[in-house]
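Shown next, in structure tokens, is the structure this report addresses.
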């Protein structure tokens, strides 16, 4: 078994990677142990309120790359350890049998060379599937510059893979991660997306990355504005079919002259996630949300900011407005918008009806009428003040594994 000290070092080094998420995999159990299909394999809350756990670990923290923000960079004075594929497999199965975890998030520093590190990851996940009979969720972190054939074979055994973009521009990569290039990160994403499309067209479901790809960007380590970060996000969703982009607020775990001395803070990260939600589920384009060289507003969420810039479009009548406009009203989430379109077929909706549908009327009332009645303020300055004060009462917080389940789930499911 892996030693306690080695386990401590490798799990501590892995904790800064946030690009792990609910699985949603349709990989079938063919007689072994574990199941990757139930949504949710990480330290998070699933849509049905369950909190599930994932073993997050590096195979090695002995890196030949020198990314300035990374605690495992080659110049860092830290203990170096490397686990064997057998140690990772034994640990995963043992933890699963003890009901500690439901899956594995496996990453690695670039040990010896990109191809060598990727081969070790492949050997581990292949052993886990074929020799140990583990069919639970497995997320593998790809290694930049590794051979395409090794990456493709790894994807055949994994449920999800991710290449972390980390920094949103080539200039920042050259400064802070000189061994990485934009193409070394984007090319494997495109190749995996292409291979996934081929498998889908041939109707071979559940075999090649059934849970897709994700990526991560560090926010605040480099000078790019939110507008530039979100334009890259939109491009990734459109061109590589990513399931999710994660944003990690910069934390100064190492000291370097080219890095900020203070953390970026949770609020900026929170606003980026809200904007990301608008891109994926509300029909917004990044051009509508924020100019390229600017950051998102801090005093209210991105949907409120858009509505305040476009007050000439409001108020709308809830009984007649098309779905795409309902989705743009602050306080009306996707679920409530669909409920409204269904309910108004049978009766004229009032504010009482909207309240029962859980529409957040303290925000929505300024932007709509219900059956001809308006209960908001017509004064633009007053509306801005009310929306800003409402945001101040619900401060953004960074959730952790030890957050109160009810509070955390409420925060995660709150409608924009």
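Numbering (our numbering), first residue to last: 686 to 1101.
Ideal Cβ positions, reconstructed from N, Cα and C, are used throughout, including at glycine.
Model, not experiment: these values are computed from the prediction.
Legend entry - Counterpart residues of residue 903 in DSSP-defined beta bridges: 933
Legend entry - Where the alpha helix (DSSP H) through residue 971 begins and ends: 971-974
Legend entry - Terminal residues of the alpha helix (DSSP H) in which residue 920 lies: 911-925
Legend entry - Cβ-Cβ separation, residue 948 to residue 936 (assumed contact under 8 angstroms), whole Å: 5 angstroms
Inset, instruction - Buried or exposed for residue 970, please, with buried defined as at least 16 other CB atoms from any protein chain shown within 10 angstroms of its CB. - result: exposed
Inset, instruction - Go ahead and pull the three-state DSSP assignment for residue 881. - result: helix
Inset, instruction - Kindly indicate the opening and closing residues of the beta strand (DSSP E) around residue 742. - result: 739-743
Inset, instruction - Starting from residue 807, trace the beta strand (DSSP E) both ways and give me its first and last residue. - result: Premise fails: residue 807 lies in the alpha helix (DSSP H), 799-815, not in any beta strand (DSSP E).
Legend entry - Euclidean distance between Cα positions of residue 807 and residue 1071: 54 angstroms
Inset, instruction - Would you identify the three-state DSSP class for residue 839, choosing helix, strand or coil? - result: helix
Inset, instruction - Using three-state DSSP, classify residue 958 as helix, strand or coil. - result: helix
Inset, instruction - Check whether the stretch 913-924 touches the stretch 855-865, taking contact to mean three or more Cβ pairs, one atom from each stretch, closer than 8 angstroms. - result: no
Legend entry - Cβ-Cβ distance between residue 870 and residue 823 below 9 angstroms: no
Legend entry - Cutoff 6 angstroms; reference residue 772; Cβ partners in own chain excluding five residues on either side: 687
Legend entry - residue 978 (DSSP reduced to helix, strand or coil): coil
Inset, instruction - State the Cα-Cα distance for the pair residue 754 and residue 941, rounded to the nearest angstrom. - result: 8 angstroms
Inset, instruction - Please classify residue 781: does DSSP put it in a helix, a strand, or coil? - result: helix
Inset, instruction - Identify, in the order they occur along the chain, each residue of the same chain with its Cβ nearer than 6 angstroms to the Cβ of residue 1104, setting aside the five sequence neighbours on each side. - result: Residue numbering for the chain in the displayed model covers 686 to 1101; residue 1104 lies beyond these limits and cannot be assessed.
Legend entry - Contact under 9 angstroms by Cβ, residue 954 with residue 934: yes
Legend entry - Neighbour-count burial assignment, residue 786, 16 or more Cβ in a 10 Å radius: buried
Inset, instruction - Under 6 angstroms Cβ to Cβ from residue 907, same chain only, skipping five residues before and after it: list those, please. - result: 852, 857
Inset, instruction - Determine contact between the stretch 794-801 and the stretch 746-753, defined as no fewer than three beta-carbon pairs at a distance below 8 angstroms. - result: yes
Inset, instruction - Starting from the C-beta of residue 1061, find all residues in its chain whose C-beta is less than 6 angstroms away, skip the five residues before and the five after it, and write them out in chain order. - result: 1050, 1051
Legend entry - Contained alpha helix (DSSP H) runs [length at least 4] in the stretch 1007-1088, N- to C-terminal order: 1008-1011, 1019-1028, 1036-1041, 1046-1049, 1065-1077
Legend entry - Beta-carbon proximity check, residue 770 vs residue 826, cutoff 9 angstroms: no
Inset, instruction - Under the assumption that residue 880 contacts residue 843 (Cβ atoms under 8 angstroms), give the Cβ distance between them as a whole number of angstroms. - result: About 12 angstroms; that fails the 8 angstroms criterion.
Inset, instruction - Report buried or exposed for residue 762, applying the criterion of at least 16 other Cβ atoms within 10 angstroms of its Cβ. - result: exposed
Inset, instruction - Reducing DSSP to helix, strand and coil, say where residue 688 ends up. - result: coil
Inset, instruction - Please report the Cβ distance between residue 743 and residue 788, rounded to the nearest whole angstrom; I am assuming they are in contact, meaning their Cβ atoms lie under 8 angstroms. - result: Actually they do not touch by this definition, with Cβ atoms about 16 angstroms apart.
Inset, instruction - May I have the straight-line CA-CA distance separating residue 838 from residue 828, to the nearest angstrom? - result: 13 angstroms
Inset, instruction - Could you check how far apart the C-beta atoms of residue 835 and residue 764 are, in whole angstroms? I think they sit under 8 angstroms. - result: No, residue 835 and residue 764 are not in contact; Cβ-Cβ is about 28 angstroms, not under 8 angstroms.
Inset, instruction - Measure the alpha-carbon distance for residue 932 versus residue 1032 and round it to whole angstroms. - result: 43 angstroms
Legend entry - Cβ pair count under 8 angstroms reaching 3, the stretch 989-1001 against the stretch 1029-1047: no
Inset, instruction - Can you tell me the Cβ-Cβ gap for residue 821 and residue 781, rounded? I've got them flagged as a contact below 8 angstroms. - result: 6 angstroms
Legend entry - Segment contact, 8 angstroms Cβ cut-off, at least three pairs: the stretch 1040-1059 with the stretch 1013-1021: yes
Inset, instruction - Using alpha carbons as the reference points, say which of 745, 921, 1067, 1065 lies closest to residue 850. - result: 921
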